[in-house]
Amino acid sequence: MTAATVLRQHAETQFAEELAELKRADTRQRPANWELSPWAVVRYLMGGRLDSGFEVSAKYIGDARLMEIAVATLATDRALLLYGVPGTAKSWVSEHLAAAISGDSTRLIQGTAGTSEEQLRYGWNYAQLLAHGPSENALVPSPLMQSMRAGKICRVEELTRIPADVQDSLITVLSEKTLPIPELGSEVQAVRGFSVIATANNRDKGVNELSAALKRRFNTVVLPVPGSAADEIAIVTKRVAEMGRSLELPAEPPALKEVQRVVQIFRELRSGQTEDGKTRIKSPTSTLSTAEAISVINSGMALAGHFGDGVLRPADMAAGLIGAVVKDPVQDQAVWTEYLETVVKERSDWKDLYRAFREL
Numbered sequence: 520m521t522a523a524t525v526l527r528q529h530a531e532t533q534f535a536e537e538l539a540e541l542k543r544a545d546t547r548q549r550p551a552n553w554e555l556s557p558w559a560v561v562r563y564l565m566g567g568r569l570d571s572g573f574e575v576s577a578k579y580i581g582d583a584r585l586m587e588i589a590v591a592t593l594a595t596d597r598a599l600l601l602y603g604v605p606g607t608a609k610s611w612v613s614e615h616l617a618a619a620i621s622g623d624s625t626r627l628i629q630g631t632a633g634t635s636e637e638q639l640r641y642g643w644n645y646a647q648l649l650a651h652g653p654s655e656n657a658l659v660p661s662p663l664m665q666s667m668r669a670g671k672i673c674r675v676e677e678l679t680r681i682p683a684d685v686q687d688s689l690i691t692v693l694s695e696k697t698l699p700i701p702e703l704g705s706e707v708q709a710v711r712g713f714s715v716i717a718t719a720n721n722r723d724k725g726v727n728e729l730s731a732a733l734k735r736r737f738n739t740v741v742l743p744v745p746g747s748a749a750d751e752i753a754i755v756t757k758r759v760a761e762m763g764r765s766l767e768l769p770a771e772p773p774a775l776k777e778v779q780r781v782v783q784i785f786r787e788l789r790s791g792q793t794e795d796g797k798t799r800i801k802s803p804t805s806t807l808s809t810a811e812a813i814s815v816i817n818s819g820m821a822l823a824g825h826f827g828d829g830v831l832r833p834a835d836m837a838a839g840l841i842g843a844v845v846k847d848p849v850q851d852q853a854v855w856t857e858y859l860e861t862v863v864k865e866r867s868d869w870k871d872l873y874r875a876f877r878e879l
């Protein structure tokens, strides 16, 4: 496979030019085994113009102080927990932090209800184990163990989806920076530069709460939903343009008006009131994250490009928007119908959008 044929490139590949330019311009002190200084890592995330005139694109649109706190945490011996509702760019920020700090965002453990202790710590090649017994050759290192040996960042996605007893296998690693291997009577000691970035969201039902002991090993940074409509519109516009190019969608970039309307609908339903604060409305069970707004518009662009004239119109967005809002066919449908009739219908400049929804 070539880079051009990959559906989604790793951050360190997609933004290799930016990382190289930052590395050339970076004269500040770097922690051991870091590719960039903490200042340059934050500049990579937040974007900006370098002294050379090179423009670094923004990966995170929001409070720069949050990124500074996250990076400063990783420059110490503390692990980082990115926490918040779904769709607040936790995984996105985690990937870009690992890419900028370690030059490698691929050391990843995906947390699920079925994640075992072996997946976090290490496993065994059972053919080797049966033939020769426990040995270094029979050992199958996890991404965590590989990161400890290399002095790199390990990412753990959806930490609270992992069973509590498996989560706690991280405690020794995070506090002692050591991973015991009792079967071999040995251990792996972390090389400087090693750390863990974990993500967790607070909207999942039936998650496994972190133990107090494990919480103490993390510094928690809560990533909020975008604070203003302007920020959210900027995020959606940027990501839609990037994904449209990556997917080679045969449609024009969406008009700002359509992005604004999708974002406004999501923000109003999330907050339970209209933008002007005059009308109270019910909120659906769905999260209505920024990521879902991006998905709605991308789906509309695909419809417009492949089955229309390439111009995104309300009819192209309507089905995707309803699908994002109505997750519960009874409760959410009632919320959506009320919003449609009391808010969308009453806006004179939204008549085309109202007709598109009613025609579905």
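Under the numbering used here, the very last position in the sequence shown is 879; numbers go up by exactly one each time.
The beta-carbon is built from N, C-alpha and C at its ideal position, and this holds for glycine as well.
- Counting only runs of at least 4 residues, the stretch 588 to 633 fully encloses the following alpha helix (DSSP H) elements, listed from N- to C-terminal order: 609 to 621.
- Taking 9 Å as the cut-off, the Cβ atoms of residue 555 and residue 545 count as close.
- In the same chain as residue 783, and ignoring 5 residues on each side of it, the C-beta atoms closer than 8 Å to its own belong to 748 and 794, in chain order.
- Residue 603 places its beta carbon 9 Å or farther from that of residue 810.
- Residue 610 is positioned such that its CB atom lies no closer than 9 Å to that of residue 683.
- Going by beta carbons, residue 659 and residue 642 fall inside the 9 Å limit.
- Judged by their CB atoms, residue 639 and residue 663 are nearer to each other than the 9 Å cut-off.
- One alpha carbon belongs to residue 540, the other to residue 533, and they sit about 14 Å apart.
- Between residue 670 and residue 622, the gap from beta carbon to beta carbon reaches 9 Å or more.
- Comparing alpha carbon positions, the residue from 580, 766 and 788 closest to residue 528 is 766.
- The shortest C-alpha to C-alpha distance from residue 822 to any of 837, 535 and 628 is the one to 837.
- Collapsing the DSSP output to three states places residue 863 in a helix.
- In chain order, 803, 804, 805, 844 and 845 place their CB closer than 7 Å to the CB of residue 851, counting only its own chain and leaving out the 5 sequence neighbours on each side.
- With contacts defined by Cβ atoms closer than 9 Å, residue 672 and residue 705 do not form a contacting pair.
- Excluding sequence positions up to five before and after residue 594, its CB lies within less than 7 Å of the CB of 550 and 557, all in the same chain and listed in chain order.
- Here the stretch 767 to 783 lies against the stretch 813 to 822, with 3 or more beta-carbon pairs under 8 Å apart.
- Judged by DSSP secondary structure, residue 672 falls within the beta strand (DSSP E) whose first and last residues are 672 to 676.
- Excluding its 5 nearest sequence neighbours in each direction, residue 785 has C-beta neighbours in its own chain below 7 Å: 807 and 812, listed in chain order.
- Pairing residue 648 with residue 654, the inter-Cα distance amounts to about 7 Å.
- Residue 581 is positioned such that its CB atom lies closer than 9 Å to that of residue 608.
- Boundaries of the beta strand (DSSP E) harbouring residue 741: 737 to 741, taken from the DSSP string.
- Only residues of its own chain outside the window of five on either side were considered, and among them 598 and 600 have a CB closer than 6 Å to the CB of residue 737, listed in chain order.
- Remark: C-beta atoms of residue 538 and residue 591 do not approach each other more closely than 9 Å.
- The three-state secondary structure of residue 654, taken from DSSP, is coil.
- Leaving aside the five residues that flank residue 788 on each side, the residues in its chain whose CB is nearer than 8 Å to its CB run, in chain order, 800, 802, 803, 807, 844, 854 and 858.
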